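Just below is one structure, and these are the notes that go with it.
2 protein chains.
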Amino acid sequence: MTRRLIERVFAPAFNNPMLAQLHDGAVFDVGGVRLAFTTDSYVVKPLFFPGGDIGSLAVNGTVNDLAMCGARPLHLTAGFILEEGLPIETLHRVTESMADAAREAGVLVVSGDTKVVERGRGDGLYVNTAGVGVIEHNLTIAPDQIQPGDVVILSGDIGRHGVAVLAARGELAFEIPIESDCAPLWRYVESLLNAGVEPHCLRDLTRGGLATAIVELCGKTFDFRVIESAVSIAEEVRGACELLGMDPLYVANEGRFIAIIPPHQCELALATLKQSGCPSAAVIGEAVGDGQGRVWLQTLMGIERTLEMLSGEQAPRIC
Amino acid sequence: MTRRLIERVFAPAFNNPMLAQLHDGAVFDVGGVRLAFTTDSYVVKPLFFPGGDIGSLAVNGTVNDLAMCGARPLHLTAGFILEEGLPIETLHRVTESMADAAREAGVLVVSGDTKVVERGRGDGLYVNTAGVGVIEHNLTIAPDQIQPGDVVILSGDIGRHGVAVLAARGELAFEIPIESDCAPLWRYVESLLNAGVEPHCLRDLTRGGLATAIVELCGKTFDFRVIESAVSIAEEVRGACELLGMDPLYVANEGRFIAIIPPHQCELALATLKQSGCPSAAVIGEAVGDGQGRVWLQTLMGIERTLEMLSGEQAPRIC
Chain A
210 MTRRLIERVF
220 APAFNNPMLA
230 QLHDGAVFDV
240 GGVRLAFTTD
250 SYVVKPLFFP
260 GGDIGSLAVN
270 GTVNDLAMCG
280 ARPLHLTAGF
290 ILEEGLPIET
300 LHRVTESMAD
310 AAREAGVLVV
320 SGDTKVVERG
330 RGDGLYVNTA
340 GVGVIEHNLT
350 IAPDQIQPGD
360 VVILSGDIGR
370 HGVAVLAARG
380 ELAFEIPIES
390 DCAPLWRYVE
400 SLLNAGVEPH
410 CLRDLTRGGL
420 ATAIVELCGK
430 TFDFRVIESA
440 VSIAEEVRGA
450 CELLGMDPLY
460 VANEGRFIAI
470 IPPHQCELAL
480 ATLKQSGCPS
490 AAVIGEAVGD
500 GQGRVWLQTL
510 MGIERTLEML
520 SGEQAPRIC
Chain B
210 MTRRLIERVF
220 APAFNNPMLA
230 QLHDGAVFDV
240 GGVRLAFTTD
250 SYVVKPLFFP
260 GGDIGSLAVN
270 GTVNDLAMCG
280 ARPLHLTAGF
290 ILEEGLPIET
300 LHRVTESMAD
310 AAREAGVLVV
320 SGDTKVVERG
330 RGDGLYVNTA
340 GVGVIEHNLT
350 IAPDQIQPGD
360 VVILSGDIGR
370 HGVAVLAARG
380 ELAFEIPIES
390 DCAPLWRYVE
400 SLLNAGVEPH
410 CLRDLTRGGL
420 ATAIVELCGK
430 TFDFRVIESA
440 VSIAEEVRGA
450 CELLGMDPLY
460 VANEGRFIAI
470 IPPHQCELAL
480 ATLKQSGCPS
490 AAVIGEAVGD
500 GQGRVWLQTL
510 MGIERTLEML
520 SGEQAPRIC
């Protein structure tokens with residue numbers, strides 16, 4: 210639905226080349242300095258979940274969108290919409306968590322705003338963050354840079370965030386010891402760049418999971434081939450998904466990304482990611498030419514099927 | 210309440226010099242380029258009112274915060290929180306209005322985000338915008354630059370936005386032909402800078418009105434003296450305020466600002482503002498030394514009393 214809104218409502222209204230890129234953030238030049246600029250609102254329910262909360266999510270989500278532009282995250286703004294009656298203690302916990310996450314990600318929260326709405330016009334607390342980052346290299350890292358032959362590297366195992374939030378909602382009939390993967394990703398991107406890797410595109414996996422991210426990146430002239438057996442999924446996550454009838458390829462993440470890398474740099478990129486804190490990074494597929502923008506999944510059963518974008522809401526208010 | 214939250218919750222958590230300035234936005238340097246960065250969330254009720262709507266408000270409010278930092282507004286992000294059931298037509302109208310306001314203000318909406326919450330967890334539509342601007346001069350325009358002797362210039366008549374929104378809510382028992390003053394302010398700031406005026410501080414009048422803005426700017430070592438008879442208020446606004454028992458000095462504005470100017474530039478600043486589209490710009494007061502941070506109002510009746518910050522909610526969800 211978000212994509213439909215973008216295509217039908219927002220893109221025509223705000224028509225400009227930066228928005229048209231459908232990238233994680235806008236990249237532009239000011240006085241010879243290349244900047245990235247992005248925003249996300251966070252409405253996750255519940256506010257606190259194993260491995261994170263709306264505060265750490267709001268910092269890492271926006272920091273990661275900057276990182277996916279190849280930008281070093283610098284500064285964030287924070288906008289809070291508080292529902293009347295929200296305990297001040299809750300706001301304290303969330304802001305402390307944001308401050309911790311900002312420190313870990315190396316950014317400052319430099320400006321903010323607070324609005325209050327009546328009871329029944331919010332849900333405790335919504336947070337918006339916007340972020341500015343600086344691009345310190347000359348690469349163009351964007352969806353339109355992907356070329357046939359590029360390999361797809363996944364930085365870690367998938368599905369933890371979505372399952373952790375559903376578990377925190379009490380929507381699972383069983384206990385599950387899974388924490389969200391919510392984490393800042395710039396350190397890994399920086400390692401890649403420092404090692405001389407020249408990624409064609411980076412994309413963090415959020416709402417809609419790995420499958421939606423890859424489908425979104427498909428151009429009109431090439432396909433992706435993905436090997437399901439190469440995608441790392443923790444046993445507990447796989448088990449929870451089976452019980453819930455959910456496909457882990459579509460479950461949300463908040464600390465995983467895919468890097469689309471020219472093939473001759475595949476080993477360098479993989480080794481760099483493994484060394485810099487992504488031990489289960491793996492090549493999961495490749496871009497192949499003469500396609501029509503489809504994602505072909507070679508399933509665990511050995512058959513091949515196409516992946517579609519997630520439609521409808523598998524798990525609303527997951528971020 | 211917002212100020213208490215800032216002082217007790219946000220400032221300690223996000224402790225950093227930029228946030229500590231309590232300015233309309235953060236100012237920082239990236240690679241030798243001076244940038245301003247700010248955000249606001251908008252929860253105005255109703256979404257549409259005479260002279261504007263939540264969309265034009267969300268653009269102008271953030272553009273104006275950048276202008277008050279002395280920065281040329283460049284790019285905005287937009288984050289939407291939609292309540293389930295919001296008519297798509299409403300979203301269309303709001304985004305078209307945002308696009309028009311962005312064109313008028315000379316900015317691009319370059320990145321965005323949409324979240325959907327369940328019925329009863331929002332109020333139609335909340336909008337957050339964040340903005341980046343560039344500072345193309347070497348002045349420091351900030352509250353801590355104000356000096357005793359500086360004059361206070363008000364750019365136009367006050368109270369239109371607050372009265373227009375209350376009227377649109379049907380909270381007035383009478384019809385009133387007043388439109389919000391919602392408008393972008395950079396053009397006036399740019400005129401001042403181009404004329405060689407070196408403002409010590411700029412502040413737009415929003416929630417809490419003129420009185421709250423001036424009280425917020427008071428330092429610990431100087432007072433402000435304000436002449437009430439110099440403050441321009443339209444007859445209809447004054448009449449509506451009298452009937453409602455509201456003090457127009459505390460009523461919200463979205464297209465007015467005060468400029469704190471060194472005294473020798475007073476005439477230049479005033480003439481420049483009048484020429485550039487603020488015909489009723491006027492000197493309304495001055496900063497005086499040896500004070501304790503009080504605002505002294507010489508009232509229409511000729512007596513002198515102190516102005517306090519607005520506490521409690523004179524008119525909630527006005528922006």
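Going down the list, the protein sequences come from chains A and B.
Note that the working numbering has the first sequence beginning at 210, numbered continuously upward.
Note that the working numbering has the second sequence beginning at 210, numbered continuously upward.
Just so it is clear, CB atoms sit at the ideal spot from N, CA and C, and this is done for glycine as well.
This one's a predicted model, so the numbers in the text were calculated from it and none came from an experiment.
Could you tell me which residues DSSP puts in a beta bridge with K324/A? Taking the first sequence and counting its residues from 1, the one referred to as residue 324/A is at position 115. Per DSSP, I290/A.
Just checking my contact of A339/A with T271/A at CB under 8 Å: how many whole Å lie between their CB atoms? As a position in the first sequence, residue 339/A is number 130, starting the count at 1. As a position in the first sequence, residue 271/A is number 62, starting the count at 1. The Cβ separation is near 7 Å, so the contact holds.
Quick check on the burial criterion: 16 or more other C-beta atoms within 10 angstroms. Buried or exposed for L509/B? Locating residue 509/B in the second sequence gives position 300, where the first residue counts as 1. So L509/B ends up on the exposed side.
Three-state secondary structure assigned by DSSP to S400/A: Working through the first sequence from its first residue, we reach residue 400/A at position 191. S400/A: helix per DSSP, three-state reduction.
So G245/A packs on V236/A, CB below 8 Å; how close in whole Å? Mapped onto the first sequence, residue 245/A falls at position 36. Mapped onto the first sequence, residue 236/A falls at position 27. The sequence given here places Ala at residue 245/A; Gly does not occur at that position. Right, their Cβ atoms sit about 5 Å apart.
In chain order, which continuous runs of the beta strand (DSSP E) of length 3 or greater are located wholly inside the segment 376-421 of chain A? 410-413
Do you know whose CA, among N225/A, C450/A, R503/A and W505/A, lies nearest G321/B's CA? Taking the first residue of the second sequence as 1, we reach residue 321/B at position 112. For the residues N225/A, C450/A, R503/A and W505/A, the minimum Cα distance to G321/B belongs to N225/A.
DSSP beta-bridge partners for D432/B? For the purposes of this step, residue 432/B is identified with residue 223 of the second sequence, where counting begins at 1. The partner list for D432/B (beta bridge, DSSP) reads V497/B.
Near-chain B residues of the segment 305-319 of chain A - C-beta to any C-beta below 8 Å: E305, M307, A308, A311, L317, V318 and V319
Exposed or buried, which one is T248/B when buried takes at least 16 other CB atoms within 10 Å? Here residue 248/B refers to the residue found at position 39 of the second sequence. Result: buried.
Are the beta-carbon atoms belonging to G444/A and V360/A less than 8 Å from one another? As a position in the first sequence, residue 444/A is number 235, starting the count at 1. As a position in the first sequence, residue 360/A is number 151, starting the count at 1. First, the amino acid is wrong: residue 444/A is Glu here, not Gly. Result no, Cβ atoms of E444/A and V360/A do not sit closer than 8 Å.
Under 8 Å between beta-carbons, which chain B residues line up against G260/A? List them in chain order, please. Translated into positions along the first sequence, residue 260/A becomes position 51. The premise fails here: G260/A is roughly 20 Å from chain B at the closest Cβ pair, so nothing lies under 8 Å.
Under 8 Å between the Cβ atoms of M277/B and F466/B? To locate residue 277/B, count along the second sequence from 1; it is residue 68. To locate residue 466/B, count along the second sequence from 1; it is residue 257. Cβ atoms of M277/B and F466/B: closer than 8 Å.
Using a C-beta cutoff of 8 Å, does S250/B count as contacting chain A? Looking up residue 250/B in the second sequence gives position 41. Yes, S250/B counts as interfacial toward chain A.
As assigned by DSSP and simplified to three states, the class of G358/A: Counted from its first residue, the first sequence places residue 358/A at position 149. Residue state, collapsed to three classes: coil.
Span of the beta strand (DSSP E), counted from its first residue to its last, around R217/A: Counting from 1 along the first sequence, the entry for residue 217/A is found at position 8. First-last for R217/A: undefined, no H or E at that position.
Looking only at DSSP bridge pairs, what is S204/B linked to? Only positions 210 to 528 of chain B appear in this structure, which leaves residue 204/B out of reach.
Closer than 8 Å, CB to CB, is H284/A near chain B or not? Position 75 of the first sequence, counting from 1, holds the residue named residue 284/A. Judged by the 8 Å Cβ criterion, H284/A is in contact with chain B.
CB contact check: T247/A to chain B, cutoff 8 Å: In the first sequence, counting from the first residue as 1, residue 247/A sits at position 38. Cβ-Cβ to chain B under 8 Å: yes for T247/A.
If A478/B and L401/B are in contact, beta carbons under 8 Å, what's the gap, nearest whole angstrom? As a first step, residue 478/B is located in the second sequence; it is residue number 269 there, counting from the start. As a first step, residue 401/B is located in the second sequence; it is residue number 192 there, counting from the start. So it is a contact: roughly 6 Å between Cβ atoms.
Given V446/A, which residues of its chain have a CB within under 8 Å of its CB, disregarding the five upstream and five downstream residues? Translated into the one-based positions of the first sequence, residue 446/A becomes position 237. Once the five neighbours on either side are set aside, the close Cβ partners of V446/A are D366, I367, G368, R369, V372, I387, P457 and V460.
Complete beta strand (DSSP E) runs within the segment 432-520 of chain A (minimum length 3 residues, chain order): 466-470, 491-498, 504-507 and 513-516
Taking Cβ-Cβ distances shorter than 9 Å, what residues in chain B pair up with S326/A? By 1-based counting over the first sequence, the position of residue 326/A is 117. Inspection of the sequence shows that residue 326/A is occupied by Val rather than by Ser. V252, K254, G331, D332, Y335, P525 and R526, listed in chain order.
Quick check on the DSSP output: the alpha helix (DSSP H) that includes D274/A runs from which residue to which? Residue numbering aside, residue 274/A sits at position 65 when the first sequence is read from its first letter. Start and end: I263 to M277.
Whose C-alpha, out of E451/B, G464/B, S441/B and G417/B, is nearest the C-alpha of T211/B? Sequence index remark: in the second sequence, residue 211/B carries index 2 (1-based). Checked all of E451/B, G464/B, S441/B and G417/B; the closest Cα to T211/B is G417/B.
By DSSP, does L256/A sit in helix, in strand, or in coil? As a working mapping, residue 256/A is identified with position 47 in the first sequence. Three-state DSSP puts L256/A in coil, outside helix and strand.
Under 7 Å Cβ-Cβ, which residues of chain A neighbour D322/B? Translated into the one-based positions of the second sequence, residue 322/B becomes position 113. Simply T248, D249 and S250.
Do three or more CB pairs link the segment 322-329 of chain A to the segment 275-290 of chain B at distances below 8 Å? no
Going by other Cβ atoms of all chains shown within 10 Å of its Cβ, with 16 needed for buried, is H473/B buried or exposed? Residue 473/B sits at position 264 when you count from the first residue of the second sequence. Its Cβ having fewer than 16 others within 10 Å, H473/B is exposed.
DSSP-derived helix/strand/coil call for G371/B: What you label residue 371/B is simply residue 162 of the second sequence in a count that begins at 1. Helix at G371/B.
From the DSSP output, which residues share a beta bridge with P282/B? Indexing the second sequence from 1 puts residue 282/B at position 73. G342/B.
When burial is assigned at 16 or more other CB atoms within 10 Å of the CB, is P296/A buried or exposed? Your numbering for residue 296/A matches position 87 in the first sequence. Looking at its Cβ environment, which holds fewer than 16 other Cβ atoms inside 10 Å, P296/A is exposed.
How would you write the range of the alpha helix (DSSP H) that A310/B sits in, first residue to last? As a first step, residue 310/B must be located in the second sequence, where it is residue number 101. Here the alpha helix (DSSP H) through A310/B covers I297 to A314.
Opening and closing residue of the beta strand (DSSP E) in which D238/B lies: Walking along the second sequence from the start, residue 238/B turns up at place 29. A235 to V239 is the span of the beta strand (DSSP E), which, as asked, contains D238/B.
If I442/B sits next to V504/B, beta carbons under 8 Å apart, how far is it from one beta carbon to the other, in whole angstroms? Numbered from its first residue, the second sequence carries residue 442/B at position 233. Numbered from its first residue, the second sequence carries residue 504/B at position 295. 17 Å between Cβ atoms; not a contact.
Under a Cβ-count criterion, where at least 16 other Cβ atoms within 10 Å of its own Cβ denotes burial, should L519/A be classed as buried or exposed? Position 310 of the first sequence holds residue 519/A. Counting Cβ neighbours within 10 Å, L519/A comes out buried, since at least 16 surround it.
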